[in-house]
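Student: In this note's numbering, the protein residues as written are 524 to 844.
No residue lacks a Cβ here, since even glycine has one placed at the ideal position from N, Cα and C.
The model shown is predicted, which means the values in this text are computed figures rather than measured ones.
Quick one: the structure is below, and I'll ask about it shortly.
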């Protein structure tokens, strides 16, 4: 598998980090390219890493796809060239995403230009926002939302607590999140229930915790404030538009991937797109009593390749445009 690093200016003082993955021996140029967008306080590392099995990116590349991962402003290896840290849904969804899509269209190897957009956690919400504002001009072949919230009809008590006060969420600037995660993860096997909201430690290899934490970024106070308003109001509004209502004009095939024991984004919040978007919605439910799936399990559970990547790959292959 070949990997190429790219940077693209978003016009607002940030160079966005994009990575292009493909295998010349398996690449099928007749398949639409895939663009993956990470979510809250995370970057794209976890998309191309798995502790013991092929990663999400590696799996799709082996199936013939050209895959791009995109770190938006403040994520991963994206670089500030004067850009500030007070950004939120509008900047990430309506400035950075169009810059990413335009860049990929100019540099992709695939013959079909319309990309499959895969949003991971809050990355799906960024895509919902983009789509609601570009209902007739989004240029996408499909949308996959992996544990992505739209409407907060329900939320885990810890999520409610963290975002109870928009004012407080907007002034608390948490730094050193990756260092904290590096210290906490090795303890998970001793106190597994401490991380149940996020992962099933019985089915995730944590022996390389120092690698896993590379996907962790510091949260952004301004975005936290907007999330708090959203959780309390249930519906997200960006640039004057109710995103749930805006999706009613978006006719796009959508795959909703649901982890059965997700404590970060409950199934109800992830499924809310089904009643909102105009296009057909398919649902992939993952996890059972033996191996329940939480938020991170969608990417790094021992059985993620069979239970998530394979059916998702098949779904994408059938939706060429």
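Compute the Euclidean distance between the alpha carbons of residue 752 and residue 630, then round it to the nearest angstrom.
Tutor: 38 Å
Student: What are the start and end residues of the beta strand (DSSP E) that includes residue 543?
Tutor: 537-545
Student: Indicate the three-state DSSP secondary structure (helix, strand or coil) for residue 570 in the structure shown.
Tutor: helix
Student: Do residue 647 and residue 668 have their C-beta atoms within less than 8 Å of each other?
Tutor: yes
Student: Quick check on the DSSP output: what are the complete alpha helix (DSSP H) runs of length 4 or more inside the region 724-760, in order along the chain?
Tutor: 732-735 and 744-756
Student: Tell me the residue span of the alpha helix (DSSP H) that contains residue 557.
Tutor: Careful: residue 557 lies outside any alpha helix (DSSP H), inside the beta strand (DSSP E) at 557-560.
Student: Find out if the Cβ-Cβ distance for the pair residue 529, residue 626 is shorter than 8 Å.
Tutor: yes
Student: May I ask you to report which of helix, strand or coil DSSP gives residue 656?
Tutor: helix
Student: Taking the alpha helix (DSSP H) that residue 838 belongs to, which residues open and close that run?
Tutor: Here the alpha helix (DSSP H) through residue 838 covers 833-840.
Student: Just to confirm the assignment, what range does the alpha helix (DSSP H) spanning residue 620 have?
Tutor: 620-630 is the extent of the alpha helix (DSSP H) around residue 620.
Student: Which residues in the same chain have their Cβ closer than 7 Å to the Cβ of residue 828, if we skip the five residues on either side of it in sequence?
Tutor: If we look at residue 828 and ignore the five residues flanking it on each side, its Cβ neighbours are 576, 577 and 582.
Student: Can you tell me which residues form a DSSP beta bridge with residue 805?
Tutor: 778
Student: Which whole-angstrom value describes the C-beta separation of residue 554 and residue 633, a residue pair presumed to lie in contact below a C-beta threshold of 8 Å?
Tutor: 6 Å
Student: Based on the DSSP secondary-structure assignment, which residues constitute the bridge partners of residue 526?
Tutor: 544
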